[in-house]
Amino acid sequence: MVSKSKWQVLVVGARWDICRVPIYRSVGGRLVKTLLSSCCCCSCLYCEFRSGRRVPREQWRVDELVEVVYRLWSRGEVRGLFLSSCMFSDPDRVSEMEVEVAEKLRKLGFRGYIHLRLMPGTDRDVIRRAAEVADRIGINLEAPTPSMFSELCPDKGDFVNDVLKRLLWCIEECRGRSCKVDTQVVVGALEDRDTQYLKLMKYLLHRGIYLIHFSAFEPVHKTPLERRRPCPKSRQKALYQALFLMRDYGFSLEELLELCRDGMLPHVDLKLVYARLRSDMFPVDISTASFRELVRVPGIGPRTARKILELRQERGRVDVIELRKVLGPRYRRAIKYLSFT
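When we follow my numbering, the leftmost residue of the sequence shown carries the number 8, and every step to the right adds one.
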């Protein structure tokens, strides 16, 4: 029987690790989201479980967690597992225990979603094993630059060697597999700027990362940053918008940097800001526009742009009536930036 204390500490504590975009439904559906352990030897400035802070400490045994997750999944109560951990031992041991949970679940016939958040400094062989059994893996970058990482996480290793290098290993080991790679950064814990995150996005997307999670900083009582203001959720949302514009819409780093003022993105619809700033590019002729031009129109996303191109290929043109059907309620937003010939 799992103790109530263990369940509360480890499952509730995992809220600081993000496994889904706040404005989108998780691909994994309803998940058991838990820490392997809340014991930690690191003293990250923002963390509830930092070393030396008086907080309940609990830890799953591997077989115990496997049994709990498998039982919940077999009853249809959950669709998968998101597993992270505090650094209670050396990185390889912590990550290896996470991988053992996943391996044992798969051996039992578990076909649900598995997401493993591995530790900085993890050996490449452990990363390879994780990529073989999980649907998604990653290592938290925590910060956009080496200097900010050192300030936020003074004893969590070297940013370039222990974190970024291992994250790139994750990407390499997942190539040719169904497993995808993500990471997480804490936004607003220091005097950071959105331009730093935009440059990080370009670097990581170019190397094949699937997703970057932006965790809006929230001050925790009795930590060094307890008096710092929380990061606005609107800033978090703007960074997600920018990520998807770069990843799925083909926006360049330079186009997104144009939207920034004093290093920060506006907290509104970024495509609307772009359309107003680049008024020379609009209206777009729907009869001749390329995919790249269509997805820059407010209200038109990649799927809709492809649909418009398909209709144009089939019928030679797209009229107002057809466009209304394709866009639905977004028609009123998009029509201001479109023309018909």
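Here a beta-carbon is modelled for each residue, glycine too, at the ideal position from N, C-alpha and C. Fair warning: this is a prediction, and the values are worked out from it, not measured in the lab.
Here's a check: name, in chain order, each residue in its chain whose Cβ is nearer than 8 angstroms to the Cβ of A21, leaving out the five neighbours to either side. Residue confidence for A21 is low, a pLDDT of 49 falling below 50, so the modelled location carries little weight; the figure read from the coordinates is stated next. For A21, where only same-chain residues beyond five positions count, the Cβ hits under 8 angstroms are K40, T41, L42, F89, S91.
Restricting to Cα atoms, I'd like to know which of R136, H220, A150 is closest to A196. A150
Looking at the unbroken alpha helix (DSSP H) that takes in D169, where does it start and where does it end? Careful: D169 lies outside any alpha helix (DSSP H) and carries neither H nor E.
What would DSSP say about S222, mapped onto helix, strand or coil? strand
Give me, in chain order, the residues of the same chain whose beta-carbon lies closer than 8 angstroms to that of L263; leave out the 5 immediate sequence neighbours on both sides. Excluding sequence neighbours, L263 sits near L205, A249, L252, M253, L272, L277.
What does DSSP give as the partner residue(s) for G145 in the beta ladder? R124, D189
Verify whether the separation of the beta carbon atoms of H220 and S241 is less than 8 angstroms. H220 places its beta carbon 8 angstroms or farther from that of S241.
Could you tell me the alpha carbon to alpha carbon distance between V140 and S294, rounded to whole angstroms? 47 angstroms
Can you give the Cα-Cα distance for A109 and L115, rounded to whole angstroms? Taking the straight line from one Cα to the other gives about 10 angstroms.
Determine the contact status of Y281 and R310, defining contact as a CB-CB distance below 8 angstroms. no
Can you give the Cα-Cα distance for I328 and T202, rounded to whole angstroms? 41 angstroms
Using alpha carbons as the reference points, say which of S44, G87, Y53, G119 lies closest to V227. The closest CA to that of V227, considering only S44, G87, Y53, G119, is found on Y53.
For F89: DSSP bridge partner residues: Per DSSP, K40, H122.
Residues sharing a beta bridge with Q66, DSSP: The bridge partners DSSP lists for Q66 are S44.
Opening and closing residue of the alpha helix (DSSP H) in which Y256 lies: It is not in any alpha helix (DSSP H) - Y256 carries neither H nor E in the DSSP assignment.
Do you know how far the Cα of R236 is from the Cα of S222? The straight-line gap separating the alpha-carbon atoms of S222 and R236 is approximately 14 angstroms.
Identify whether M94 lies in helix, strand or coil by the three-state DSSP scheme. coil
Are the CB atoms of G87 and L38 within a distance shorter than 8 angstroms? yes
For V69, which of Y77, F298, R131 has the nearest alpha-carbon? Y77
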